[in-house]
Amino acid sequence: MEMDFLTPSLNTITIGLISLFAISFFLFIWRSKLVNPKGKTPLVAAGAWPIIGHLPLLSGSKHPHVTLGVMADKSGPIFTIKIGVNPALVVSDWKITKECYTTNDEAVSSRHKQVVLGFNYAMFGFSPYGPYWREMRKISKLEFLSTRRIQLLSRVRVSEVETSTKELYKDWDQKNNWSCQFLVELKQWFSKLTLNVVLRMVCGKRCFGVKGAREVKEAERCLKAIRELIHLLGLFVASDAIPCIGLLDLGGHEKTMKKTARELDRILSQWLEEHRHTRASGVVVEDDQDLMDAMLSIFDSKELHGFDAHTIIKATVLSMIAGGNDTSAVTLIWSMSLLLNHHNVLKKAQEELDIQVGKDRFLNESDLNKLVYIQAIIKETLRLYPVSTGLRAS
Numbered sequence: 171m172e173m174d175f176l177t178p179s180l181n182t183i184t185i186g187l188i189s190l191f192a193i194s195f196f197l198f199i200w201r202s203k204l205v206n207p208k209g210k211t212p213l214v215a216a217g218a219w220p221i222i223g224h225l226p227l228l229s230g231s232k233h234p235h236v237t238l239g240v241m242a243d244k245s246g247p248i249f250t251i252k253i254g255v256n257p258a259l260v261v262s263d264w265k266i267t268k269e270c271y272t273t274n275d276e277a278v279s280s281r282h283k284q285v286v287l288g289f290n291y292a293m294f295g296f297s298p299y300g301p302y303w304r305e306m307r308k309i310s311k312l313e314f315l316s317t318r319r320i321q322l323l324s325r326v327r328v329s330e331v332e333t334s335t336k337e338l339y340k341d342w343d344q345k346n347n348w349s350c351q352f353l354v355e356l357k358q359w360f361s362k363l364t365l366n367v368v369l370r371m372v373c374g375k376r377c378f379g380v381k382g383a384r385e386v387k388e389a390e391r392c393l394k395a396i397r398e399l400i401h402l403l404g405l406f407v408a409s410d411a412i413p414c415i416g417l418l419d420l421g422g423h424e425k426t427m428k429k430t431a432r433e434l435d436r437i438l439s440q441w442l443e444e445h446r447h448t449r450a451s452g453v454v455v456e457d458d459q460d461l462m463d464a465m466l467s468i469f470d471s472k473e474l475h476g477f478d479a480h481t482i483i484k485a486t487v488l489s490m491i492a493g494g495n496d497t498s499a500v501t502l503i504w505s506m507s508l509l510l511n512h513h514n515v516l517k518k519a520q521e522e523l524d525i526q527v528g529k530d531r532f533l534n535e536s537d538l539n540k541l542v543y544i545q546a547i548i549k550e551t552l553r554l555y556p557v558s559t560g561l562r563a564s
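To convert, take the position in the sequence shown, counting from 1, and add 170; that gives this note's numbering.
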């Protein structure tokens with residue numbers, strides 16, 4: 171009886187899904203036959219499937235960049251692929267790339283829509299190209315990332331590096347029996363260091379090395395939300411490639427995004443209220459301001475292209491945290507990995523440090539301009555393993 175009762179419902183669902191995919195297929199064919207009114211479109215690489223495009227090729231056993239390299243050998247330095255129903259331009263020639271980001275930079279200045287995690291486009295790192303994006307970029311460059319602001323916040327970077335080094339020494343002192351060897355997971359250490367530096371510069375907080383039950387609980391809550399944000403920003407969601415299945419929320423990713431967005435909003439609102447209260451009490455000194463204090467000075471009781479000050483500050487803080495934490499940590503990890511695999515390069519870097527800095531004091535930021543060889547190491551690391559900037563949209 172139960173099976174007879176369920177059969178009509180199952181048949182209805184099956185017919186609905188078949189109809190949905192059939193409509194999507196015909197829309198795909200119709201879009202592929204449209205002619206670009208502005209001229210020729212780049213060659214579409216072979217191997218695309220209906221509806222899902224080149225996703226099977228990109229999800230194979232090889233890394234995506236290797237697969238794209240093989241496609242470039244066959245299709246040339248510029249071609250398009252289909253990520254679901256969405257066309258994507260692939261460029262493997264530096265001259266064409268330069269032209270994309272100079273002559274045609276406005277065409278590739280937008281990002282894909284981040285409604286849930288992007289404060290409804292208020293995060294300028296994920297907002298579409300337009301007046302708001304241009305204004306926020308100008309303010310960020312002149313106020314938040316200016317040479318003077320970076321110099322004022324140098325005390326934070328120096329303090330965090332010294333604190334992390336002392337904690338490392340303390341762990342060595344407690345766990346070893348005065349032997350010469352002590353294993354350190356550098357990936358974890360760099361991640362903790364960069365997150366503490368970014369949080370202190372942006373909002374005066376720390377996630378690691380805090381004391382007190384209340385502070386520890388707040389740090390754990392913040393760390394969990396930030397890690398979830400970074401994970402979700404880099405996650406491939408099927409509905410991004412095939413929008414027609416978005417209502418199904420396969421995998422529950424949209425639900426998770428909304429939950430994470432609400433948690434981040436609560437955390438950022440709490441930090442913002444703390445900063446407002448501190449400013450009202452007159453405790454903040456200009457030279458001791460973090461970026462949230464600076465934003466309150468600029469945006470307090472001010473609207474910008476439809477966004478209120480509260481939303482702009484929270485969205486910008488989140489942009490700084492998301493953009494400054496993971497990218498810095500990944501570059502440091504790759505640099506150290508390359509050095510450990512090339513001992514001759516590591517030895518030369520150590521010799522440069524001994525000559526330019528010595529062994530009797532800590533390295534200062536003013537010493538960095540003298541470290542030509544180490545600068546070359548960082549540049550080569552970024553060339554070999556460039557930091558992801560996210561997909562562009564036009």
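Cβ atoms here follow ideal geometry from the backbone N, Cα and C, with glycine treated the same way.
Comparing C-alpha positions only, which one of Val331, Gly288, Glu276, Val326 sits nearest to Arg304? Mapped onto the sequence shown, residue 304 falls at position 134. The shortest C-alpha separation from Arg304 is found at Glu276.
Quick check: Leu533 and Ala519, are their CB atoms within less than 8 angstroms of each other? Locating residue 533 in the sequence shown gives position 363, counting from the first residue. Locating residue 519 in the sequence shown gives position 349, counting from the first residue. In this structure, Ala519 does not lie closer than 8 angstroms to Leu533 by Cβ.
Which residue marks the beginning of the beta strand (DSSP E) containing Val354, and which one marks its end? Residue 354 sits at position 184 when you count from the first residue of the sequence shown. Run containing Val354: none; DSSP gives neither H nor E here.
Compare the beta carbon distance of Ser489 and Gly295 with 8 angstroms and say whether it is the shorter of the two. For the purposes of this step, residue 489 is identified with residue 319 of the sequence shown, where counting begins at 1. For the purposes of this step, residue 295 is identified with residue 125 of the sequence shown, where counting begins at 1. Yes; because the gap between Cβ atoms is below 8 angstroms, this pair is in contact.
For Val469, the first and last residue of its enclosing alpha helix (DSSP H): For the purposes of this step, residue 469 is taken as the residue at position 299 of the sequence shown. One point to set straight first is that residue 469 is Phe, not Val, in the sequence displayed. First-last of the alpha helix (DSSP H) with Phe469: 461-469.
With distances taken between CB atoms, is the gap from Leu461 to Val372 smaller than 8 angstroms? Position 291 of the sequence shown holds residue 461. Position 202 of the sequence shown holds residue 372. In this structure, Val372 lies closer than 8 angstroms to Leu461 by Cβ.
Starting from Thr250 and walking both ways along the beta strand (DSSP E), at which residues does that stretch end? Here residue 250 is taken as the residue at index 80 of the sequence shown, counted from 1. Looking at the DSSP string, the run of the beta strand (DSSP E) that includes Thr250 is 248-253.
Residues that DSSP places opposite Phe477 in a beta bridge: Counted from its first residue, the sequence shown places residue 477 at position 307. Looking at the DSSP assignment, Phe477 forms a beta bridge with Leu474.
Here's a check: name, in chain order, each residue in its chain whose Cβ is nearer than 6 angstroms to the Cβ of Lys252, leaving out the five neighbours to either side. Translated into positions along the sequence shown, residue 252 becomes position 82. Hits under 6 angstroms: Ala218, Gly223, His224.
Helix, strand or coil for Leu418 per DSSP? Taking the first residue of the sequence shown as position 1, residue 418 is located at position 248. In the structure shown, Leu418 sits in a helix (DSSP, three-state: H, G or I).
Span of the alpha helix (DSSP H) holding Val407? Residue 407 sits at position 237 when you count from the first residue of the sequence shown. Val407 -> no alpha helix (DSSP H), and no H or E assigned at all.
State the CB to CB distance for the pair Ala258 and Thr250, rounded to an integer number of angstroms; the pair is presumed to be in contact (CB under 8 angstroms). As a first step, residue 258 must be located in the sequence shown, where it is residue number 88. As a first step, residue 250 must be located in the sequence shown, where it is residue number 80. That belief holds up - the Cβ atoms of Ala258 and Thr250 are roughly 6 angstroms apart, short of 8 angstroms.
Same chain, Cβ closer than 6 angstroms to Pro298, five either side skipped, listed in chain order: Working through the sequence shown from its first residue, we reach residue 298 at position 128. For Pro298, where only same-chain residues beyond five positions count, the Cβ hits under 6 angstroms are Ser280.
To test your reading of the DSSP string, which unbroken beta strand (DSSP E) runs of 3 or more residues are found completely within the segment 505-564? none
If I'm right that Ala292 touches Thr481 with Cβ under 8 angstroms, what's the distance once you round it to whole angstroms? As a first step, residue 292 must be located in the sequence shown, where it is residue number 122. As a first step, residue 481 must be located in the sequence shown, where it is residue number 311. Confirmed, about 5 angstroms.
Alpha-carbon to alpha-carbon, Tyr271 and Gly254: Your numbering for residue 254 matches position 84 in the sequence shown. Your numbering for residue 271 matches position 101 in the sequence shown. C-alpha separation (whole angstroms): 25 angstroms.
Through-space distance from Leu228 to Pro112, alpha-carbon basis: A query on residue 112 cannot be resolved here, the shown segment of the chain reaching from 171 to 564 and no further.
Counted within 10 angstroms of its Cβ, other Cβ atoms place Gly288 as buried (16 or more) or exposed: As a working mapping, residue 288 is identified with position 118 in the sequence shown. Buried, since its Cβ has 16 or more Cβ neighbours within 10 Å.
Helix, strand or coil: how does DSSP classify Leu259 here? By 1-based counting over the sequence shown, the position of residue 259 is 89. Looking at Leu259 - three-state DSSP - the assignment turns out to be strand.
Around the Cβ of His447, are there at least 16 other Cβ atoms within 10 angstroms (buried) or fewer (exposed)? By 1-based counting over the sequence shown, the position of residue 447 is 277. With fewer than 16 other Cβ atoms within 10 Å, it is exposed.
Can you tell me whether Lys540 is buried or exposed? The criterion is at least 16 other CB atoms within 10 Å of its CB, across all chains shown. If you number the sequence shown from 1, residue 540 lands on position 370. Label assigned to Lys540: exposed.
Excluding the 5 residues flanking Gly494 on each side, which residues of the same chain have their C-beta closer than 7 angstroms to its C-beta? The residue you call residue 494 lines up with position 324 of the sequence shown. Excluding residues within five positions, the ones whose Cβ falls inside 7 angstroms are Val368.
Flag this pair as yes or no: are the beta carbons of His445 and Asp463 separated by less than 8 angstroms? Locating residue 445 in the sequence shown gives position 275, counting from the first residue. Locating residue 463 in the sequence shown gives position 293, counting from the first residue. Yes; because the gap between Cβ atoms is below 8 angstroms, this pair is in contact.
Apply the 10 Å Cβ neighbour rule to Phe314 and answer buried if 16 or more other Cβ atoms are within range, or exposed otherwise. Taking the sequence shown and counting its residues from 1, one reaches residue 314 at position 144. Buried, since its Cβ has 16 or more Cβ neighbours within 10 Å.
Which listed residue (Ala395, Val500, Glu535) has its alpha carbon closest to that of Leu356: Reading the sequence shown from its first residue, position 186 is the one you call residue 356. Answer by Cα proximity: Val500.
Using C-beta distances below 7 angstroms, list every residue in its chain close to Leu403, excluding the 5 sequence neighbours before and after it, in chain order. For the purposes of this step, residue 403 is taken as the residue at position 233 of the sequence shown. Closer than 7 angstroms at Cβ, skipping near neighbours: Leu287, Ala492.
Residues bridged to Gly223 by DSSP? Within the sequence shown, the letter at position 53 stands for residue 223. Answer by DSSP bridge pairing, in chain order: Trp219, Ile253.
Please report the distance separating the alpha-carbon of Gln321 from that of Lys375. Here residue 321 is taken as the residue at index 151 of the sequence shown, counted from 1. Here residue 375 is taken as the residue at index 205 of the sequence shown, counted from 1. The alpha-carbon atoms of Gln321 and Lys375 are separated by roughly 19 angstroms.
Applying the criterion that 16 or more other CB atoms from any shown protein chain within 10 Å of the CB defines a buried residue, is Asn366 buried or exposed? Within the sequence shown, numbered from 1, the residue matching residue 366 stands at position 196. Buried, since its Cβ has 16 or more Cβ neighbours within 10 Å.
Start and end residues, alpha helix (DSSP H) containing Val331: As a working mapping, residue 331 is identified with position 161 in the sequence shown. Residues 324-345.
For the alpha helix (DSSP H) that contains Cys270, what are its first and last residues? Taking the sequence shown and counting its residues from 1, one reaches residue 270 at position 100. Per DSSP, Cys270 belongs to the alpha helix (DSSP H) from 264-271.
For Leu538, which option in Ser558, Ser324, His513 has the closest C-alpha, if you only look at C-alpha atoms? Translated into positions along the sequence shown, residue 538 becomes position 368. Checked all of Ser558, Ser324, His513; the closest Cα to Leu538 is Ser324.
Buried or exposed: which applies to Lys484, given that a residue is buried once 16 or more other Cβ atoms fall within 10 Å of its Cβ? As a first step, residue 484 is located in the sequence shown; it is residue number 314 there, counting from the start. That one is buried.
Endpoints, alpha helix (DSSP H) assigned at Met293: For this step, residue 293 is matched to residue 123 along the sequence shown. Segment: none, Met293 is in no alpha helix (DSSP H) and carries neither H nor E.
Would you kindly check if the distance between the Cβ of Val261 and the Cβ of Leu238 is under 8 angstroms? Residue 238 sits at position 68 when you count from the first residue of the sequence shown. Residue 261 sits at position 91 when you count from the first residue of the sequence shown. It is not a contact, given that the beta carbons lie outside the stated cut-off.
Distance check for Arg370 and Leu466, CA to CA, integer angstroms please. Mapped onto the sequence shown, residue 466 falls at position 296. Mapped onto the sequence shown, residue 370 falls at position 200. Taking the straight line from one Cα to the other gives about 16 angstroms.
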